[in-house]
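Going by my numbering, the sequence shown runs without a break in its numbering and finishes at 317. See below for the structure under consideration.
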Amino acid sequence: MPQLAATLKAAGDPLRLEILRLLAQDSYSVLELCHIFDLRQPALSHHLKVLSQAGLVSKRREGNNLFYRRTANSDLLQQLFSGLDQLPLGADRAATVAQVAAERAEASRRFFADYGNRFREQQELIASYSVYGPQVAQLLKPGRHALEVGPGEGEFLEELASRFGTVTALDLSQTMLERAQAFSDDKGLQNIEFVCDDTRAAAARPESADCIVVNMVLHHTPDPAQIFHDLQKSLRAGGQLLITDLHDHAQDWARDACGDLWLGFTPQQLVEWAADAGLGKGRSVHSALRNGFQIQIQEFVKP
């Protein structure tokens, strides 16, 4: 009874309900939330503290920033959120949220435009392709068409080209896409299409892919949850989505050195985003690296 009363009291405020509605699909830093709700930090922090104490949100530190996301660890909260999520965000609020997403995307785009030629050097500070590439290849189920999001230097395209009739390499950075194409040309790969766009381009080709691979990309994206929704649309029934990324960590230097927007993810975060997009959990591989990072490879399947 006391916990129920605290939960209902915390949720019984229009602004806090708006915060909970916003946190349905993504996590935001305190500064981003201040911008979205046009509040000073002390006022917003008070509301977040009330929500946190009632178990409605959880927080996660990434370097000097705290990111908040919604939690639904009881039937009561799931029912509350189910009704709340049917309410649309106001037009002004939605516009500000879109602005925050655009700022995140621009930060990632600038990094790869400026440092594309140093990509391999920077990436190997965390995990080289040889650490995860062969393990991901072992999980592949050959088929007609595969999509790789963010192919980087292009190494994994060779694995896909040998197992699928056609392959699409999708990247928002023209600089990186050109590097992947150069690798493909050097290897004589003939069945690869190169597309410079984001995952909305994949969603625009519904049920076209038997397999989608996202290697060490998700922590560069402004809205990881939306990536799952876009890619789910592109998968055929029974198709697999393979995500390779870092476990959550506290090495904040990766933001500047490697253009990371997120300091990894907990396995549960990936599972929850996938489930929300309508994907079931498959196999998983986890490995620790000597530099303190951990790699996770997660397979998700479209029913």
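Every residue, glycine too, gets a C-beta built ideally from N, C-alpha and C.
Environment of residue i [buried if 16+ CB atoms lie within 10 Å]
i	result
Q240	buried
P16	exposed
Q254	buried
K247	buried
E162	buried
P236	buried
R158	exposed
E221	exposed
E120	exposed
D52	exposed
R84	buried
Q312	buried
W287	buried
Residue i versus residue j - alpha carbon distance
i	j	result
A57	V181	50 Å
L62	A19	17 Å
E117	E46	10 Å
A115	A109	10 Å
R54	C48	6 Å
E191	I206	Per the sequence presented here, residue 191 reads as Leu, with Glu not at that position. Answer to the nearest angstrom: the Cα atoms are 12 Å apart.
D224	T280	26 Å
Y146	Q152	10 Å
P156	D40	32 Å
L80	V285	22 Å
E76	G252	35 Å
P28	Q283	27 Å
D290	T21	23 Å
L101	S142	44 Å
L94	Q310	32 Å
Residue of the options minimising C-alpha distance to residue i
i	options	result
L184	S43, E173, G168 and S176	G168
A218	H243, N205, D237 and L203	H243
K23	H49, L53, L70 and L153	L70
G306	Q100, G273 and A264	A264
R193	R74, R177 and G166	G166
G202	L191, S176 and D212	S176
V111	R75, S96, L37 and E172	L37
A215	D199, G252 and G164	G164
D200	Y82, E172 and D211	E172
Beta-bridge partners of residue i, as assigned by DSSP
i	result
I206	V181
V227	E162 and L256
Y143	DSSP lists no partner for Y143.
H300	Q310
F279	H261
V111	Its beta-bridge partners do not exist; DSSP assigns none.
Near the ligand HEM: residue i beta-carbon under 7 Å from a heavy atom
i	result
G296	As far as ligands go, the structure on display features none, and thus does not contain the ligand HEM.
Contact under 8 Å by Cβ, residue i with residue j
i	j	result
N229	F178	no
M275	H234	Correcting the residue identity first, residue 275 is Leu in this sequence and not Met. Contact flag set, yes.
V227	A302	no
R35	D106	no
S59	V44	yes
Beta carbon proximity, residue i to chain B, threshold 8 Å
i	result
H261	Among the chains of the structure shown, chain B does not appear; only one protein chain is present.
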